[in-house]
């Protein structure tokens, strides 16, 4: 019996009609000779009833049905009695009187219940991912991902972008993480790499005259197990010739507006806030601020001058900073114990401690913490920091970067603790004017802050070799709700400038030629100015779905140790395969 309608497609208009449904038994209830089945497919649920006037054969079959049996049902659609209408179900006004049932496939006893969202542990869910994917939450997430991806394709195609595939087997040119290597059977001792991104190939496409490129690109990075990383992930990779930074930003804004509206019916603003990297660090303590709540950090260097607190004085005299955070209305709510929890967050980022003051009696009195060092200065402190009665003021004094990042971590924790992070709110912002280089303490050299193909801003071209530290790049990140969801830049298209960058980051000419010679060679043949960006599809859909792990929006992710419990990969291979590839496993 092939279905004529889905389990989510029935309503009162179908009353009196005979239909065929295919799906899985979600729930089963027996009531005095009547069997109720909730039949499920990805479109919804329909209640199927085997009445007591059914044939003995049908009633016997119904009694022996189990949860997650896959069945076909032919039945008559009828309205439910008013007292039985279920307003929680889209099909809750009707039910289907079963006339015939066919078992398409039986199910073993389930390792966990398939509910709207399962509580099973991660490895069990991943081992039986095909069952986990039947849950309502996972089905909605995968459908959302599909809708969002389709909308992105629609938008970019409407803007004359071409979807072009780039190679999956490429030359190994590590971009920071380790490459996944693929040994060549035909060329013993030689390897392909799986791409960490299509970066070089999309730039070569610009040289080739394809001025607007995009790809839903699979990317691979062999990173140590940490956080919410996946060894393979998906990005919306795009590149544009003859484009300014503003062109790329504007196009990306339009793409997000279109895709969010199409996939979850959310209206985004026409433009997203632009924040310089320096301002983001100074005000939020991070280059990926969560803007769903205000709470900006302030400069409190004046506190070193007006009080007798040695920690503040020492920080300022040694060239450091005192940063302050005013937490509105939380003076009484935060006990010493809760403040110590905030201090623990600051210490993760190398802060030596977290100083605090509570504002009491209409701002006329400061209590607790370091208040004794600032007697008589209450009005000045409250005026300069914008604090008032009932506020808690938090301070970190240290080297500038430590003070900012440590207090920024405290700000992030406060956002969570105070319930200020609305998962249904989507706050985008651009972080621009990043440093082009960052100092590598371990290797005692300059590294590219993003990658080696990003262009420096023009005003730094003459001096960047003698002083790389202040050089800003034509770099930009897109931030959403405290996550970096896209990174991009205007690229270098001049082979001589590219060689200068290679030299600054420690690539000698022969090494640069060996790894990237094909790119610099391409630049010699009329390379156009170009720039691009690569939004992370997994991360964006995760945020849209209100989840905190990208595993929840990927059909078949690896676990936190880059292992797939379902198929037990990575796994050993036959000796014959190793011999063909000229590989020897060392103990």
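Residue numbers (our numbering): 99 to 685.
Every residue, glycine too, gets a C-beta built ideally from N, C-alpha and C.
Going straight from the alpha carbon of residue 634 to that of residue 581, what length do you get?
-> One-based indexing of the chain shown puts residue 634 at position 536. One-based indexing of the chain shown puts residue 581 at position 483. The alpha-carbon atoms of residue 634 and residue 581 are separated by roughly 10 Å.
Would you report the Cα separation of residue 163 and residue 131, rounded to the nearest angstrom?
-> Numbered from its first residue, the chain shown carries residue 163 at position 65. Numbered from its first residue, the chain shown carries residue 131 at position 33. Approximately 14 Å, taken between the alpha carbons.
Use the C-beta contact count for residue 265: other C-beta atoms within 10 angstroms, 16 or more gives buried, fewer gives exposed.
-> Translated into positions along the chain shown, residue 265 becomes position 167. It is exposed - the Cβ of residue 265 has fewer than 16 other Cβ atoms within 10 Å.
Bounding residues of the beta strand (DSSP E) (the contiguous stretch that carries residue 574) | For the purposes of this step, residue 574 is taken as residue 476 along the chain shown, with counting starting at 1. Residues 573–578.
Test item: CB-CB of residue 168 and residue 137 under 8 Å = On the chain shown, position 70 is the one that residue 168 refers to. On the chain shown, position 39 is the one that residue 137 refers to. Going by C-beta atoms, residue 168 is not nearer than 8 Å to residue 137.
Between the region 355–369 and the region 652–668, do three or more beta carbon pairs fall short of 8 Å?
-> no
What are the partner residues of residue 731, as DSSP defines its beta bridges?
-> Outside the modelled stretch of the chain, which goes from 99 to 685, sits residue 731, for which no answer is possible.
Tell me which same chain residues have a C-beta within less than 7 Å of the C-beta of residue 555, skipping the five on either side of it?
-> Here residue 555 refers to the residue found at position 457 when the chain shown is read from its first residue. Only 570, 571, 572 meet the Cβ criterion.
Excluding five sequence neighbours on each side, which residues of the same chain lie with their C-beta closer than 7 Å to the C-beta of residue 613?
-> Stepping through the chain shown from its first residue, residue 613 is reached at position 515. Cβ within range, chain order: 271.
Closer than 7 Å: residue 512 CB and nearest the ligand ADP heavy atom | Among the ligands in the structure shown, none appear at all, so the ligand ADP cannot be discussed.
Closest residue to residue 244 among 206, 636, 677, 667 (Cα-Cα distance) = Position 146 of the chain shown, counted from the first residue, corresponds to residue 244. Selected option, being the one with the closest Cα: 636.
Would you check if the region 482–497 and the region 419–426 touch, i.e. whether three or more CB-CB distances between them fall below 8 Å?
-> yes
Kindly indicate which residue of 280, 260, 351 has the alpha-carbon position closest to the one of residue 269.
-> Counted from its first residue, the chain shown places residue 269 at position 171. Measuring from the Cα of residue 269, the nearest candidate turns out to be 280.
Residue 444 to residue 639, Cα distance in whole Å?
-> For the purposes of this step, residue 444 is taken as residue 346 along the chain shown, with counting starting at 1. For the purposes of this step, residue 639 is taken as residue 541 along the chain shown, with counting starting at 1. Their backbone Cα atoms lie some 30 Å apart in a straight line.
With DSSP collapsed to three states, give me the class of residue 682.
-> As a working mapping, residue 682 is identified with position 584 in the chain shown. DSSP places residue 682 in coil when its eight states are reduced to three.
What residue from 143, 209, 173 has the CA that sits closest to residue 187's CA?
-> As a position in the chain shown, residue 187 is number 89, starting the count at 1. Out of 143, 209, 173, 143 has the C-alpha closest to the C-alpha of residue 187.
Note the first and the last residue of the continuous alpha helix (DSSP H) segment covering residue 444.
-> As a working mapping, residue 444 is identified with position 346 in the chain shown. It spans 434–446 - the alpha helix (DSSP H) in which residue 444 sits, taken as one unbroken run.
Pick out the complete alpha helix (DSSP H) segments inside the region 277–352, 4 residues or longer, and give them in chain order.
-> 297–305
Which partner residues of residue 538 appear in the DSSP bridge assignment?
-> Here residue 538 is taken as the residue at index 440 of the chain shown, counted from 1. In DSSP, residue 538 forms a bridge with 543.
Where residue 369 and residue 482 are concerned, what is the direct C-alpha to C-alpha distance, given to the nearest angstrom?
-> Looking up residue 369 in the chain shown gives position 271. Looking up residue 482 in the chain shown gives position 384. Their Cα atoms are separated by approximately 32 Å.
Can you find at least 3 beta carbon pairs, one from the region 229–236 and one from the region 334–352, that sit closer than 8 Å?
-> no
Give the DSSP bridge partners of residue 581, in chain order.
-> Here the question's residue 581 lines up with position 483 in the chain shown. Note: residue 581 sits in a beta bridge opposite 578.
Between the region 362–382 and the region 530–540, are three or more C-beta pairs nearer than 8 Å?
-> yes
Beta-carbon proximity of residue 414 to residue 399, cut-off 8 Å | Position 316 of the chain shown, counted from the first residue, corresponds to residue 414. Position 301 of the chain shown, counted from the first residue, corresponds to residue 399. The answer is yes: Cβ separation under 8 Å.
Outcome for residue 671 when other beta-carbon atoms lying within 10 angstroms are tallied against a minimum of 16 = Residue numbering aside, residue 671 sits at position 573 when the chain shown is read from its first letter. It counts as exposed.
Report the option in 171, 125, 189 whose CA atom is closest to the CA atom of residue 178.
-> Counting from 1 along the chain shown, the entry for residue 178 is found at position 80. Of the listed residues, the one whose Cα sits closest to residue 178 is 189.
Mind the definition here: the region 511–524 touches the region 469–477 only if three or more C-beta pairs lie below 8 Å; say whether that holds.
-> no
According to the neighbour-count rule (16 or more other Cβ atoms, all chains shown, within 10 Å of its Cβ), is residue 127 buried or exposed?
-> Looking up residue 127 in the chain shown gives position 29. Under this definition residue 127 is an exposed residue.
Cβ neighbour criterion (16 or more within 10 Å) applied to residue 680 = Mapped onto the chain shown, residue 680 falls at position 582. With fewer than 16 other Cβ atoms within 10 Å, it is exposed.
DSSP beta-bridge partners of residue 168 = As a working mapping, residue 168 is identified with position 70 in the chain shown. Its beta-bridge partners are 122, 203.
What residue range is occupied by the uninterrupted alpha helix (DSSP H) comprising residue 501?
-> Taking the first residue of the chain shown as 1, we reach residue 501 at position 403. First-last of the alpha helix (DSSP H) with residue 501: 498–515.
Cβ contact (3+ pairs, closer than 8 Å) linking the region 540–557 and the region 384–399 | no
Can you tell me whether residue 335 is buried or exposed, with buried defined as 16 or more other CB within 10 angstroms of its CB?
-> Start at 1 with the first residue of the chain shown, and residue 335 comes out as number 237. With 16 or more Cβ atoms within 10 Å of its Cβ, residue 335 is classed as buried.
Please name the residue or residues paired with residue 628 in a DSSP beta bridge.
-> Sequence index remark: in the chain shown, residue 628 carries index 530 (1-based). According to DSSP, residue 628 bridges with 339.
Decide yes or no for the touch test of the region 438–454 against the region 498–505: beta carbon pairs closer than 8 Å, at least 3 of them.
-> yes
Enclosing beta strand (DSSP E) for residue 144 [first to last residue] | If you number the chain shown from 1, residue 144 lands on position 46. Per DSSP, residue 144 belongs to the beta strand (DSSP E) from 142–148.
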